[in-house]
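Written out below as structure tokens is the structure these notes cover.
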Amino acid sequence: MFRYLAGVCLAAFAFSSPSTLFAQSATTAEQERLSLIKALQKRLPGTGPGDWQLGPAAFAGSDGDIVQSIPFNDENATNSADILAIGKKLWDRKFKNGKSFSHCFANSGKQAAATYPQFDARTKVVVTLEIALNRCLALHGESEIELGSEAMSRLLAYARSLSEGQRMAIKVSSAAAKEKFDAGQALFTRRIGQNNFACASCHVLHAGKPFGQAEPGTRERSQPVNPIAVGQAVSWPRLEPKGLVLSPQALFQRCMQRSGAEPFILGSEELNNLEYFYSFLSNGMPIRTLGTAR
Amino acid sequence: MALVAKTPCRSLPPSTLLLLVTLLWMSAAQASVAEGRRLFLDPKKGNCAACHQVPGDSEIKSRSKIGPPLVEIGKRFPERNVLRATLWDLGTTVPDTIMPPYGRHRLLTESEIDAVLSYIESL
Numbered sequence: 341m342f343r344y345l346a347g348v349c350l351a352a353f354a355f356s357s358p359s360t361l362f363a364q365s366a367t368t369a370e371q372e373r374l375s376l377i378k379a380l381q382k383r384l385p386g387t388g389p390g391d392w393q394l395g396p397a398a399f400a401g402s403d404g405d406i407v408q409s410i411p412f413n414d415e416n417a418t419n420s421a422d423i424l425a426i427g428k429k430l431w432d433r434k435f436k437n438g439k440s441f442s443h444c445f446a447n448s449g450k451q452a453a454a455t456y457p458q459f460d461a462r463t464k465v466v467v468t469l470e471i472a473l474n475r476c477l478a479l480h481g482e483s484e485i486e487l488g489s490e491a492m493s494r495l496l497a498y499a500r501s502l503s504e505g506q507r508m509a510i511k512v513s514s515a516a517a518k519e520k521f522d523a524g525q526a527l528f529t530r531r532i533g534q535n536n537f538a539c540a541s542c543h544v545l546h547a548g549k550p551f552g553q554a555e556p557g558t559r560e561r562s563q564p565v566n567p568i569a570v571g572q573a574v575s576w577p578r579l580e581p582k583g584l585v586l587s588p589q590a591l592f593q594r595c596m597q598r599s600g601a602e603p604f605i606l607g608s609e610e611l612n613n614l615e616y617f618y619s620f621l622s623n624g625m626p627i628r629t630l631g632t633a634r
Numbered sequence: 003m004a005l006v007a008k009t010p011c012r013s014l015p016p017s018t019l020l021l022l023v024t025l026l027w028m029s030a031a032q033a034s035v036a037e038g039r040r041l042f043l044d045p046k047k048g049n050c051a052a053c054h055q056v057p058g059d060s061e062i063k064s065r066s067k068i069g070p071p072l073v074e075i076g077k078r079f080p081e082r083n084v085l086r087a088t089l090w091d092l093g094t095t096v097p098d099t100i101m102p103p104y105g106r107h108r109l110l111t112e113s114e115i116d117a118v119l120s121y122i123e124s125l
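So the sequence lines, in the order shown, correspond to chains A and B.
Sequential numbering from 341 applies to the first sequence in my numbering.
Sequential numbering from 3 applies to the second sequence in my numbering.
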């Protein structure tokens with residue numbers, strides 16, 4: 341807790357540059373997204389959003405580096421297929437009243453995921469796809485699924501896969517929605533924790549750069565690369581080795597822990613707003629569930 | 003007087019004593035470099051190779067490009083205090099740095115910072 345408090349207390353005056361990545365005069369979420377793309381293009385010359393949506397794979401082989409990306413290998417293809425098969429079973433399960441998830445979303449859920457997270461004007465909160473899935477369960481008298489659980493990550497992956505290839509289209513269409521977007525952006529650029537990192541430190545200021553050491557047993561030149569903020573959301577939830585699936589907010593938590601901060605809890609207003617802002621940055625890019633090629 | 007005569011150091015010639023002191027000092031310096039290297043690599047302490055390449059240490063396989071490679075430290079930082087301030091909190095001079103403020107946020111103690119400095123300077 342000390343680490344988190346230290347980070348938050350210090351953040352008020354310690355953060356400067358990442359927060360100025362966004363145009364000060366920008367008034368709409370789209371203007372701010374375009375401003376960030378411009379800043380990234382200056383840092384990553386010769387590349388653009390079309391490359392960034394591929395994730396680290398966009399940088400494979402550049403400058404003599406071999407980078408780690410989500411590998412398109414048999415193991416991950418199998419894991420990905422297994423995960424989606426389990427997710428489909430959960431999605432298709434009939435509730436006690438005979439309904440199922442497909443009754444809660446327009447078009448039986450096809451292309452729905454591309455519009456999440458959404459701002460709910462009635463409750464004035466951001467609703468992520470996971471929350472929408474749980475709202476569906478509650479509406480039909482079913483028990484909710486724990487956020488961050490294996491079942492939820494597989495259900496989320498399948499729900500996202502129903503929008504495979506669909507371009508992300510997150511809406512920020514009111515002043516109240518913009519407030520949530522701004523809150524997400526503020527957290528994105530705020531330094532936290534003992535290590536004093538912000539999301540923007542790695543995913544904007546040092547985006548696309550290799551970091552860390554080669555893992556034991558891997559090729560010496562194998563390096564992970566900092567993912568780029570614009571385009572990251574298309575491959576959420578993220579497939580990790582051994583079939584582990586991490587939701588967007590589980591990824592946020594991991595980054596916060598790496599910064600030496602106590603992470604916000606899954607489904608908290610802070611992480612919902614961050615996911616809203618972060619997802620909006622990938623608007624116009626096609627969804628690639630689990631980041632694997634199929 | 004008898005007691006003093008029995009003290010081993012008093013019975014050694016000054017040149018041998020000087021050699022011993024020098025050896026002890028070198029041994030302590032080497033220990034500091036070794037401890038600095040351990041802290042440099044420790045993911046829960048310096049974790050420095052996550053961001054810096056270390057061409058002078060063939061066992062470190064970092065190709066990271068987050069921070070500059072650690073070469074010619076003596077030339078780049080002729081004054082140790084300047085290098086020390088960089089580790090303590092680079093943010094005071096480079097506001098958008100990603101380098102953790104090792105001293106200000108107590109990631110490393112003052113003596114640990116000195117040990118890391120000894121290792122970096124030895125490269």
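Positions of the beta carbon are idealized from the N, C-alpha and C atoms, including for glycine.
Going by DSSP, what residue range makes up the beta strand (DSSP E) through B:Asp44?
Counted from its first residue, the second sequence places residue 44 of chain B at position 42. Note, B:Asp44: premise wrong, no beta strand (DSSP E); not H, not E.
First and last residue of the alpha helix (DSSP H) that includes A:Gln589?
Translated into the one-based positions of the first sequence, residue 589 of chain A becomes position 249. Residues 588-598.
On the three-state DSSP scale, how would you describe A:Asp460?
Counting from 1 along the first sequence, the entry for residue 460 of chain A is found at position 120. Strand at A:Asp460.
Is there contact here, the region 572-587 of chain A with the region 482-493 of chain A, by at least three beta-carbon pairs under 8 Å?
yes
Please classify A:Arg507: does DSSP put it in a helix, a strand, or coil?
Along the first sequence, read from residue 1 onward, the residue named residue 507 of chain A stands at position 167. DSSP places A:Arg507 in strand when its eight states are reduced to three.
With the cut-off set at 9 Å, would you say A:Thr529 and A:Ala538 are in Cβ contact?
On the first sequence, position 189 is the one that residue 529 of chain A refers to. On the first sequence, position 198 is the one that residue 538 of chain A refers to. Yes. Within cutoff.
Would you please state the rounded distance, in angstroms, between the beta carbons of B:Pro57 and B:Val73? I believe it to be under 8 Å.
Taking the second sequence and counting its residues from 1, the one referred to as residue 57 of chain B is at position 55. Taking the second sequence and counting its residues from 1, the one referred to as residue 73 of chain B is at position 71. The pair is a contact, with the Cβ atoms about 6 Å apart (cut-off 8 Å).
With 16 other Cβ atoms within 10 Å as the buried cut-off, status of A:Asp422
The sequence position of residue 422 of chain A within the first sequence is 82, counting from 1. When all chains shown are included, A:Asp422 counts as exposed.
Which residues, in order along the region 62-73 of chain B, keep a beta-carbon less than 8 Å from a beta-carbon of chain A?
Ile62, Lys63, Ser64, Arg65, Ser66, Lys67, Ile68
Return the residues of the region 531-554 of chain A that lie within a Cβ-Cβ distance of less than 8 Å from chain B, sorted by chain order.
Gln534, Asn535, Asn536, Phe537, Ser541, Cys542, Leu545, His546, Lys549, Pro550, Phe551, Gly552, Gln553, Ala554
Can you confirm whether B:Leu14, when its beta carbon is compared against all beta carbons of chain A, has any partner nearer than 9 Å?
On the second sequence, residue 14 of chain B is found 12 positions in, with the first residue counted as 1. Not one chain A Cβ lies under 9 Å of B:Leu14.
Per-residue contacts from B:Pro103 into chain A (C-beta, under 7 Å)
On the second sequence, residue 103 of chain B is found 101 positions in, with the first residue counted as 1. Result: Asn536.
Which residues mark the beginning and the end of the alpha helix (DSSP H) in which B:Val84 is found?
Mapped onto the second sequence, residue 84 of chain B falls at position 82. Counting along the chain, the alpha helix (DSSP H) containing B:Val84 begins and ends at 82-91.
Less than 8 Å between the CB atoms is what I'm expecting for A:Pro457 and A:Glu615, so what's the real figure, rounded?
Here residue 457 of chain A refers to the residue found at position 117 when the first sequence is read from its first residue. Here residue 615 of chain A refers to the residue found at position 275 when the first sequence is read from its first residue. About 5 Å separates the two Cβ atoms, so the contact holds.
Members of the region 85-109 of chain B near chain A, C-beta cut-off 7 Å:
Gly93, Pro97, Asp98, Ile100, Pro102, Pro103, His107, Leu109
I want to see whether chain B comes within less than 9 Å of A:Gly600, judged by CB atoms only; does it?
Working through the first sequence from its first residue, we reach residue 600 of chain A at position 260. True, the Cβ-Cβ gap to chain B drops below 9 Å.
Where A:Phe441 falls: helix, strand or coil (DSSP):
Here residue 441 of chain A corresponds to residue number 101 of the first sequence, with the count starting at 1. In this structure, A:Phe441 counts as helix in the three-state DSSP scheme.
Reference B:Ser66; option with closest CA among B:Pro102, B:Asn49, B:Trp27:
Here residue 66 of chain B refers to the residue found at position 64 when the second sequence is read from its first residue. Measuring from the Cα of B:Ser66, the nearest candidate turns out to be B:Asn49.
To the nearest angstrom, report how far apart A:Gly600 and A:Asn535 are at their CA atoms.
Within the first sequence, residue 600 of chain A is the residue found at index 260, counting from 1. Within the first sequence, residue 535 of chain A is the residue found at index 195, counting from 1. Roughly 6 Å between the two C-alpha positions.
Element boundaries [beta strand (DSSP E), containing B:Val118]
Within the second sequence, the letter at position 116 stands for residue 118 of chain B. No beta strand (DSSP E) holds B:Val118; the alpha helix (DSSP H) holding it covers 112-124.
Relative to the alpha-carbon of A:Gly386, which residue among A:Ser440, A:Gly548, A:Lys518 has its alpha-carbon at the smallest distance?
Sequence index remark: in the first sequence, residue 386 of chain A carries index 46 (1-based). Comparing Cα positions, the closest option is A:Gly548.
Find the nearest neighbour of B:Lys46 within the set B:Leu110, B:Tyr121, B:Leu19, B:Ile122, judged by alpha-carbon distance.
Numbered from 1 along the second sequence, position 44 holds the residue referred to as residue 46 of chain B. Cα-wise, what sits closest to B:Lys46 is B:Leu110.
Taking B:Cys50 as the query, report the chain A residues whose CB atoms sit under 9 Å from its CB, ordered along the chain.
As a working mapping, residue 50 of chain B is identified with position 48 in the second sequence. Those within 9 Å of B:Cys50 in chain A number zero; the least Cβ separation is about 10 Å.
Just verifying my parser: in three-state terms, what is the DSSP assignment at A:Arg578?
Looking up residue 578 of chain A in the first sequence gives position 238. A:Arg578: strand per DSSP, three-state reduction.
Return helix, strand or coil for A:Pro626, following the three-state DSSP convention.
Counting from one through the first sequence, the residue named residue 626 of chain A turns up at place 286. It is a strand residue.
A:Gln408 versus A:Ala526 - alpha carbon distance
Position 68 of the first sequence, counted from the first residue, corresponds to residue 408 of chain A. Position 186 of the first sequence, counted from the first residue, corresponds to residue 526 of chain A. At A:Gln408, the pLDDT of 48 sits below 50, so the modelled position is not reliable; the number obtained from the coordinates is stated separately. C-alpha separation (whole angstroms): 29 Å.
For A:Ile532, write down the residues that DSSP places opposite it in a beta bridge.
On the first sequence, residue 532 of chain A is found 192 positions in, with the first residue counted as 1. Looking at the DSSP assignment, A:Ile532 forms a beta bridge with A:Phe537.
For A:Ser514, which residues from the same chain have a beta carbon less than 8 Å from its beta carbon, with the 5 sequence-adjacent residues on both sides left out?
The count along the first sequence starts at 1 and reaches residue 514 of chain A at position 174. Cβ neighbours of A:Ser514 beyond the five flanking positions: Phe459, Ala461.
Excluding the 5 residues preceding and the 5 following A:Lys450 in the sequence, name in chain order all residues of the same chain whose CB lies nearer than 8 Å to its CB.
Mapped onto the first sequence, residue 450 of chain A falls at position 110. Same-chain partners within the cutoff: Leu502, Ser503.
The alpha helix (DSSP H) enclosing A:Glu372, as first and last residue numbers
Residue 372 of chain A sits at position 32 when you count from the first residue of the first sequence. That run of the alpha helix (DSSP H) goes 369-383.
Return the CA-CA distance between A:Gly427 and A:Lys464, expressed in angstroms with no decimal places.
The count along the first sequence starts at 1 and reaches residue 427 of chain A at position 87. The count along the first sequence starts at 1 and reaches residue 464 of chain A at position 124. Looking at the two C-alpha atoms, the distance is approximately 29 Å.
By Cβ distance, which residues of its chain are closer than 7 Å to A:Ile471, with the 5 residues on each side in sequence left out?
Taking the first residue of the first sequence as position 1, residue 471 of chain A is located at position 131. Counting only Cβ-Cβ distances below 7 Å, and skipping sequence neighbours, we find Gly607.
Compare the beta carbon distance of A:Pro577 and A:Ser493 with 9 Å and say whether it is the shorter of the two.
Position 237 of the first sequence holds residue 577 of chain A. Position 153 of the first sequence holds residue 493 of chain A. Yes, they are a contact pair.
Alpha-carbon spacing of A:Leu591 relative to A:Gln572, whole angstroms
Taking the first residue of the first sequence as position 1, residue 591 of chain A is located at position 251. Taking the first residue of the first sequence as position 1, residue 572 of chain A is located at position 232. The straight-line gap from Cα to Cα measures roughly 11 Å.
Along the chain, where does the beta strand (DSSP E) containing A:Val467 start, and where does it finish?
One-based indexing of the first sequence puts residue 467 of chain A at position 127. It spans 465-467 - the beta strand (DSSP E) in which A:Val467 sits, taken as one unbroken run.
Determine the closest residue to A:Ala499 out of A:Ala446, A:Ile377, A:Ala452, A:Cys476, with distance taken between C-alpha atoms.
For this step, residue 499 of chain A is matched to residue 159 along the first sequence. Of the candidates A:Ala446, A:Ile377, A:Ala452, A:Cys476, the one whose C-alpha sits nearest the C-alpha of A:Ala499 is A:Ala452.
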